[in-house]
Amino acid sequence: MTLGRTWNGERESPEWEGQQKEHEPVRERVRPPQQVQQAPHPQQHQQQPQQQQQQQQQQQQQQQQQQQVLFQQQQSATRTFIVRGPFFGLVGFCSHINTIQVNKKPYARLDMIGKGGSSRVFRVLNGANDLYAIKRVSLDKTDSETMNGYMNEIALLKRLEGNSRIIRLIDSEVKAGPGGSKGHLFLVMECGEIDLARLISEQMREPLNMVWVAYYWQQMLQAVHVIHEEKIVHSDLKPANFVLVRGQLKLIDFGIANAIANDTTNIQRDHQIGTVNYMSPEAIELPEGMRRLKVGRASDVWSLGCILYQMIYGHPPFQHLSVYQKMKAIPDTDHAIIFPEYTAPTMPTQNKQGLSPTGPSTPPKRLEHLKRRVGRPVIASMQSCLCRNPKERALIPELLEQDWLNMKERQSSVPASSHF
Numbered sequence: 001m002t003l004g005r006t007w008n009g010e011r012e013s014p015e016w017e018g019q020q021k022e023h024e025p026v027r028e029r030v031r032p033p034q035q036v037q038q039a040p041h042p043q044q045h046q047q048q049p050q051q052q053q054q055q056q057q058q059q060q061q062q063q064q065q066q067q068q069v070l071f072q073q074q075q076s077a078t079r080t081f082i083v084r085g086p087f088f089g090l091v092g093f094c095s096h097i098n099t100i101q102v103n104k105k106p107y108a109r110l111d112m113i114g115k116g117g118s119s120r121v122f123r124v125l126n127g128a129n130d131l132y133a134i135k136r137v138s139l140d141k142t143d144s145e146t147m148n149g150y151m152n153e154i155a156l157l158k159r160l161e162g163n164s165r166i167i168r169l170i171d172s173e174v175k176a177g178p179g180g181s182k183g184h185l186f187l188v189m190e191c192g193e194i195d196l197a198r199l200i201s202e203q204m205r206e207p208l209n210m211v212w213v214a215y216y217w218q219q220m221l222q223a224v225h226v227i228h229e230e231k232i233v234h235s236d237l238k239p240a241n242f243v244l245v246r247g248q249l250k251l252i253d254f255g256i257a258n259a260i261a262n263d264t265t266n267i268q269r270d271h272q273i274g275t276v277n278y279m280s281p282e283a284i285e286l287p288e289g290m291r292r293l294k295v296g297r298a299s300d301v302w303s304l305g306c307i308l309y310q311m312i313y314g315h316p317p318f319q320h321l322s323v324y325q326k327m328k329a330i331p332d333t334d335h336a337i338i339f340p341e342y343t344a345p346t347m348p349t350q351n352k353q354g355l356s357p358t359g360p361s362t363p364p365k366r367l368e369h370l371k372r373r374v375g376r377p378v379i380a381s382m383q384s385c386l387c388r389n390p391k392e393r394a395l396i397p398e399l400l401e402q403d404w405l406n407m408k409e410r411q412s413s414v415p416a417s418s419h420f
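Following the UniProt record's numbering, the numbering of the sequence shown begins with 1 at its first residue and continues without gaps.
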């Protein structure tokens with residue numbers, strides 16, 4: 001029989017490892033010291049969770065550091081901004097906002113504030129939380145003439161830089177697209193809080209306020225006077241192309257503007273351009289045998305007259321007509337433009353302009369009990385702008401000198417508007 005040994009070297013019978021003999025007292029088997037498991041000390045119970053927590057915290061810190069490194073490397077794709085703006089206040093905390101890079105400078109894209117054709121306009125923030133607007137233009141389907149128009153807009157904005165009535169161009173870049181596509185054009189500009197179209201729409205719910213009209217009419221005249229002095233015709237003046245920046249109107253969108261040659265007073269156009277509601281007769285009329293249209297500073301004056309008409313009556317002079325009817329009526333000297341002596345606020349409708357965008361519709365309800373008289377000098381100003389003969393229209397300096405625009409009570413007046 002083979003005998004085993006105890007931990008101290010003494011031999012022991014094999015029965016010790018099995019059953020205990022009946023005549024022998026029950027003895028506790030002694031284990032070697034290295035195999036004896038001692039009960040943990042109470043302090044160890046406290047130390048182990050603390051050590052685990054410390055290890056977890058260290059791991060979390062390492063993960064956060066790695067994430068920060070990745071975040072900085074991918075800054076061109078996502079960034080974190082606190083949204084602040086002079087007229088928007090604290091909008092919120094936004095993480096992982098898509099960004100747009102212009103000349104390697106990232107801008108956080110907040111929302112789209114305008115679009116038209118191949119263009120999109122976004123409200124953005126730079127790294128210092130300054131608010132700007134980025135105009136992104138797709139160049140895939142542009143021809144050489146359209147591309148020249150875009151480049152012309154950049155050149156004109158640079159030429160007019162520093163004027164308080166013209167929107168400021170911050171930066172620009174043309175980016176090539178993948179696979180040899182033309183890519184996009186990016187323009188970084190000042191961001192307007194609201195455009196004149198919306199201001200007019202809101203104001204038309206209130207009785208006629210001539211202080212409000214005179215305040216913004218004067219700023220529009222000043223803006224257009226600036227570009228005319230630089231021999232530039234805008235050609236697409238409308239309420240949406242005047243925006244409010246820190247309480248002051250500024251002129252935007254020079255995509256179809258053009259410079260007048262030094263020895264001429266008009267520029268030639270191969271196509272009709274502009275928005276029909278504000279388009280001058282000479283921009284629409286196409287006599288037989290003529291393919292090129294002549295438009296000059298007087299064309300902008302007509303458009304201004306249409307805007308003033310809308311500020312007084314709530315709609316442009318030809319708004320009630322269909323597009324085809326407008327194209328016929330605007331150059332038609334037999335189609336009289338009506339200048340009512342009274343105007344009244346209107347109830348808001350589904351459409352901001354109160355009419356269907358595709359044609360004539362039921363006009364909005366007029367609040368006759370709030371109607372106001374329109375002064376004769378104001379009507380005379382509209383008539384002087386809306387002469388169908390360009391040579392008979394008023395000049396901008398003449399409009400700026402009119403008495404109703406410089407009335408004494410305006411010197412200390414501020415329009416009642418929530419946008420100041």
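Beta carbons: idealized from backbone N, C-alpha and C, even for Gly.
Here the structure is a predicted model, which is why all the values come from computation and not from measurement.
Go ahead and pull the three-state DSSP assignment for asparagine 406.
In the sequence shown, counting from the first residue as 1, residue 406 sits at position 406. Asparagine 406 falls in the helix class under three-state DSSP.
Pairwise C-alpha distance: serine 235 and arginine 388
Translated into positions along the sequence shown, residue 388 becomes position 388. Translated into positions along the sequence shown, residue 235 becomes position 235. In a straight line, the C-alpha of arginine 388 is about 16 Å away from that of serine 235.
Compare the beta carbon distance of valine 224 and isoleucine 312 with 8 Å and say whether it is the shorter of the two.
Start at 1 with the first residue of the sequence shown, and residue 224 comes out as number 224. Start at 1 with the first residue of the sequence shown, and residue 312 comes out as number 312. No.
Taking the C-alpha atoms as reference points, what is the distance between glutamate 189 and glutamine 64?
Sequence index remark: in the sequence shown, residue 189 carries index 189 (1-based). Sequence index remark: in the sequence shown, residue 64 carries index 64 (1-based). Sequence inspection shows methionine at residue 189; the glutamate mentioned does not correspond to that position. Distance between the alpha carbons of methionine 189 and glutamine 64: 36 Å.
Rounded to the nearest angstrom, what separates proline 390 and isoleucine 338 at their Cα positions?
Residue 390 sits at position 390 when you count from the first residue of the sequence shown. Residue 338 sits at position 338 when you count from the first residue of the sequence shown. Their backbone Cα atoms lie some 19 Å apart in a straight line.
Please state whether the Cβ-Cβ distance between arginine 393 and alanine 298 is less than 8 Å.
As a position in the sequence shown, residue 393 is number 393, starting the count at 1. As a position in the sequence shown, residue 298 is number 298, starting the count at 1. Their beta carbons are under 8 Å apart, which means arginine 393 touches alanine 298 by this criterion.
Suppose you measure from the CA of arginine 109 to the CA of leucine 367; what does that come to, to the nearest Å?
As a working mapping, residue 109 is identified with position 109 in the sequence shown. As a working mapping, residue 367 is identified with position 367 in the sequence shown. Straight-line Cα distance between these residues: approximately 41 Å.
Whole-angstrom C-beta distance between lysine 182 and leucine 139, which should lie under 8 Å
Working through the sequence shown from its first residue, we reach residue 139 at position 139. Working through the sequence shown from its first residue, we reach residue 182 at position 182. That belief holds up - the Cβ atoms of leucine 139 and lysine 182 are roughly 4 Å apart, short of 8 Å.
Which residue comes first and which comes last in the beta strand (DSSP E) that contains lysine 115?
Here residue 115 refers to the residue found at position 115 of the sequence shown. Its beta strand (DSSP E) spans residues 105-116.
For asparagine 406 and threonine 99, I'd like the C-alpha separation in whole angstroms.
Taking the first residue of the sequence shown as position 1, residue 406 is located at position 406. Taking the first residue of the sequence shown as position 1, residue 99 is located at position 99. Those two C-alpha atoms are separated by around 46 Å.
In the DSSP assignment, what are the bridge partners of arginine 373?
Taking the first residue of the sequence shown as 1, we reach residue 373 at position 373. Answer is Tyr342, bridged to arginine 373.
At 3 residues or longer, what runs of the beta strand (DSSP E) sit wholly inside the stretch 107-182?
119-125, 131-138 and 169-175
Proximal residues to glutamine 248 (C-beta, below 8 Å), its chain only, five neighbours per side dropped:
Within the sequence shown, numbered from 1, the residue matching residue 248 stands at position 248. The answer, listed in chain order, is Ser164, Arg165 and Gln219.
Would DSSP call leucine 400 helix, strand or coil?
Here residue 400 refers to the residue found at position 400 when the sequence shown is read from its first residue. DSSP places leucine 400 in helix when its eight states are reduced to three.
In angstroms with no decimal places, state the Cα-to-Cα distance between histidine 271 and valine 295.
For the purposes of this step, residue 271 is taken as residue 271 along the sequence shown, with counting starting at 1. For the purposes of this step, residue 295 is taken as residue 295 along the sequence shown, with counting starting at 1. Note that histidine 271 scores 41 on pLDDT, short of 50, meaning its location in the model is unreliable; the coordinates nonetheless yield the value given after this. Each residue's Cα considered, the two are about 11 Å apart.
One question on the structure: do phenylalanine 239 and isoleucine 194 come within less than 8 Å of each other, judged by their Cβ atoms?
Position 239 of the sequence shown, counted from the start, is the residue given in the question as residue 239. Position 194 of the sequence shown, counted from the start, is the residue given in the question as residue 194. It is proline, not phenylalanine, that sits at residue 239 in the sequence shown. In this structure, isoleucine 194 does not lie closer than 8 Å to proline 239 by Cβ.
Nonlocal neighbours in the same chain, by C-beta distance under 6 Å from arginine 136, ignoring five residues either side
As a first step, residue 136 is located in the sequence shown; it is residue number 136 there, counting from the start. Cβ within range, chain order: Arg120, His184 and Phe186.
Could you tell me the alpha carbon to alpha carbon distance between residue 421 and isoleucine 134, rounded to whole angstroms?
The question about residue 421 has no answer, for the chain in this structure spans 1 to 420.
Short Cβ contact (8 Å threshold) for isoleucine 396 with valine 301
As a first step, residue 396 is located in the sequence shown; it is residue number 396 there, counting from the start. As a first step, residue 301 is located in the sequence shown; it is residue number 301 there, counting from the start. Result yes, Cβ atoms of isoleucine 396 and valine 301 sit closer than 8 Å.
Based on Cα-Cα distance, which residue from Met327, Asn277, Met112 and Leu321 lies nearest to serine 303?
Position 303 of the sequence shown, counted from the start, is the residue given in the question as residue 303. The option with the nearest alpha carbon to serine 303 is Asn277.
Is DSSP giving glycine 4 helix, strand or coil here?
Here residue 4 corresponds to residue number 4 of the sequence shown, with the count starting at 1. The predicted position of glycine 4 is uncertain, since its pLDDT is 45 and thus under 50; no value can be drawn from it.
For valine 213, which of Ser384, Gly375, Leu386 and Gln53 has the nearest alpha-carbon?
Position 213 of the sequence shown, counted from the start, is the residue given in the question as residue 213. Nearest of Ser384, Gly375, Leu386 and Gln53 to valine 213, Cα basis: Gly375.
So what does asparagine 389 bridge to, in DSSP terms?
For the purposes of this step, residue 389 is taken as the residue at position 389 of the sequence shown. BP columns for asparagine 389 are empty, so no partner.
For leucine 185, which residues does DSSP report across the bridge?
Counting from one through the sequence shown, the residue named residue 185 turns up at place 185. Paired residues: Val137 and Val174.
Using the rule of at least 16 other Cβ atoms within 10 Å of the residue's Cβ for burial, across every protein chain shown, is glutamine 52 buried or exposed?
Here the question's residue 52 lines up with position 52 in the sequence shown. Flag for glutamine 52 reads exposed.
Using the Cα positions of proline 316 and glutamate 153, report the straight-line distance between them to the nearest angstrom.
The residue labelled residue 316 in the question sits at position 316 within the sequence shown. The residue labelled residue 153 in the question sits at position 153 within the sequence shown. Approximately 27 Å, taken between the alpha carbons.
Sheet register partners of aspartate 195 (DSSP bridge)
The sequence position of residue 195 within the sequence shown is 195, counting from 1. DSSP, once it has assigned bridges, lists Val243 as partnering aspartate 195.
Which class does glutamine 319 belong to by DSSP, given the choice of helix, strand or coil?
In the sequence shown, counting from the first residue as 1, residue 319 sits at position 319. Of the three classes helix, strand and coil, the one that applies to glutamine 319 here is coil, per DSSP.
Of all the options Gly180, Ser118, Ser144 and Ile227, which has the alpha carbon lying nearest to the alpha carbon of leucine 160?
Taking the sequence shown and counting its residues from 1, the one referred to as residue 160 is at position 160. Cα-wise, what sits closest to leucine 160 is Ile227.
Between leucine 208 and the rest of its own chain, which residues show a CB-CB distance below 6 Å, the 5 nearest in sequence each way excluded?
Against the sequence shown, residue 208 aligns to sequence position 208. The residues are Thr343 and Arg372.
Roughly how many whole angstroms lie between the Cα atoms of alanine 155 and aspartate 253?
As a first step, residue 155 is located in the sequence shown; it is residue number 155 there, counting from the start. As a first step, residue 253 is located in the sequence shown; it is residue number 253 there, counting from the start. Their Cα atoms are separated by approximately 12 Å.
If I follow the unbroken beta strand (DSSP E) through leucine 251, where does it start and stop?
Residue numbering aside, residue 251 sits at position 251 when the sequence shown is read from its first letter. Here the beta strand (DSSP E) through leucine 251 covers 248-251.
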